[in-house]
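This report refers to the structure that appears directly beneath it.
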Amino acid sequence: MRQMFMMRLFIVYLAVSLLAWGGSVLPQADFGFSVTSALMAQDTEEDAAEDAAAEDDSEEDVEEDGEAEDAEAEDAEAEDAGEEADGEAAEDEGDEEAADGEEAESADEETSSEETGDTDASAAEIPSAPAVPTTPQTDLKSIFRTMDSFGGFAALWKILAAIIIYLAWVFSTDWMSTDCIRYGFNGKKWIPTAYGAFWGGMILFWAIPFFWVSYLFLVAGWVVPLAMFVRMHNQDLSSGEQVLTPEHLRFVFARLMSYVGVKVDTKVRDRHEVGFPVV
Numbered sequence: 117m118r119q120m121f122m123m124r125l126f127i128v129y130l131a132v133s134l135l136a137w138g139g140s141v142l143p144q145a146d147f148g149f150s151v152t153s154a155l156m157a158q159d160t161e162e163d164a165a166e167d168a169a170a171e172d173d174s175e176e177d178v179e180e181d182g183e184a185e186d187a188e189a190e191d192a193e194a195e196d197a198g199e200e201a202d203g204e205a206a207e208d209e210g211d212e213e214a215a216d217g218e219e220a221e222s223a224d225e226e227t228s229s230e231e232t233g234d235t236d237a238s239a240a241e242i243p244s245a246p247a248v249p250t251t252p253q254t255d256l257k258s259i260f261r262t263m264d265s266f267g268g269f270a271a272l273w274k275i276l277a278a279i280i281i282y283l284a285w286v287f288s289t290d291w292m293s294t295d296c297i298r299y300g301f302n303g304k305k306w307i308p309t310a311y312g313a314f315w316g317g318m319i320l321f322w323a324i325p326f327f328w329v330s331y332l333f334l335v336a337g338w339v340v341p342l343a344m345f346v347r348m349h350n351q352d353l354s355s356g357e358q359v360l361t362p363e364h365l366r367f368v369f370a371r372l373m374s375y376v377g378v379k380v381d382t383k384v385r386d387r388h389e390v391g392f393p394v395v
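No gaps in the numbering here: position 165 of the sequence shown is 281 in this note's numbering, and each next residue is one more.
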């Protein structure tokens with residue numbers, strides 16, 4: 117029902133719009149309607165009479181306009197003569213005013229020059245205030261970029277130094293994991309300790325803008341857990357299984373030198389052979 121009502125309302129609106137448009141356009145259209153001859157003749161007679169009256173009125177208007185134009189021309193000539201006289205008088209007055217203005221300008225220039233001289237003298241007498249020293253602003257970007265006098269923050273040799281410590285940490289942590297499995301040590305304690313200490317040192321290495329300080333933190337993050345594990349390892353095992361002792365380091369050195377053809381004696385002396393000589 118609502119749709120039907122809206123449709124009917126739209127149709128009514130469309131019809132009213134068309135009627136309004138037709139009412140505004142039809143009077144302007146040129147339609148030829150046939151009328152009776154009597155009416156046409158009457159209309160023509162009335163039109164002719166009106167045209168004759170209009171012509172008479174136009175002739176009278178032309179004569180009146182001519183007389184008015186003559187009077188206006190005479191008035192204009194009289195006004196021109198008066199304006200010429202007024203112009204000459206105004207020119208004379210303008211010359212007098214210009215002379216007065218030049219005299220006033222010269223007087224103003226003299227006074228202004230005197231005033232500027234006084235101000236210059238007073239300015240020369242007053243000493244200028246000393247410049248306030250400005251403190252240079254700290255640029256954190258430049259600090260992190262330069263890092264120190266040995267290169268930029270991401271210098272290649274610094275990155276290589278960090279990579280060397282990283283590879284050493286990987287090797288030592290792998291050995292710690294294998295040793296915990298072999299001898300039954302607490303791997304759940306030592307392996308997370310090694311990871312946390314090293315990566316904490318790595319974060320400090322990239323966060324601290326001074327290479328030697330940050331590098332010490334990185335090395336400490338690798339060495340400290342390793343040294344603690346080695347100490348625990350050597351306490352629970354015999355001398356032949358201990359690591360980083362003089363005998364162990366001698367054995368490692370001899371093994372490395374064997375790759376280049378150099379033989380090193382790795383015989384370990386017994387405890388009774390070590391000591392002061394008996395005389």
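Heads up, the beta-carbon is just placed ideally off N, CA and C, and yes, glycines get one too.
Isoleucine 307 is a Cβ neighbour of threonine 289, given a cutoff of 8 angstroms.
Bounds of the alpha helix (DSSP H) holding serine 330 are 327 to 352. Around the CB of glycine 337, 16 or more other CB atoms lie within 10 Å, so the residue is classed as buried. Leaving aside the five residues that flank glutamate 193 on each side, none in its chain has a CB nearer than 6 angstroms to its CB.
Collapsing the DSSP output to three states places lysine 274 in a helix. Taking isoleucine 281 as reference, the option from Phe333, Ile324, Gly303 with the minimal CA-CA separation is Phe333.
It is roughly 40 angstroms from the alpha-carbon of lysine 304 to the alpha-carbon of lysine 379.
Distances from the alpha-carbon of isoleucine 297 to those of Pro362, His349, Ala278 put His349 closest. In this structure, alanine 277 sits near tyrosine 331, with a CB-CB distance shorter than 8 angstroms. A straight-line Cα-Cα distance of about 14 angstroms links isoleucine 279 and isoleucine 319. The Cβ-Cβ distance between valine 335 and valine 346 does not fall below 8 angstroms. By the neighbour-count criterion, in which a residue is buried when 16 or more other Cβ atoms sit within 10 angstroms of its Cβ, methionine 292 is buried.
With 16 or more neighbouring CB atoms inside 10 Å of its own CB, glycine 317 falls in the buried class.
Under a 10 Å Cβ-count criterion, phenylalanine 327 is classified as buried, with 16 or more other Cβ atoms of the shown protein chains found around its own Cβ. Going by C-alpha positions, glycine 300 is about 23 angstroms away from phenylalanine 314.
Across the structure, aspartate 196 and glutamate 166 are spaced so that their CA atoms are roughly 44 angstroms apart. A residue is called buried when at least 16 other Cβ atoms come within 10 angstroms of its Cβ; alanine 310 meets this threshold and is buried.
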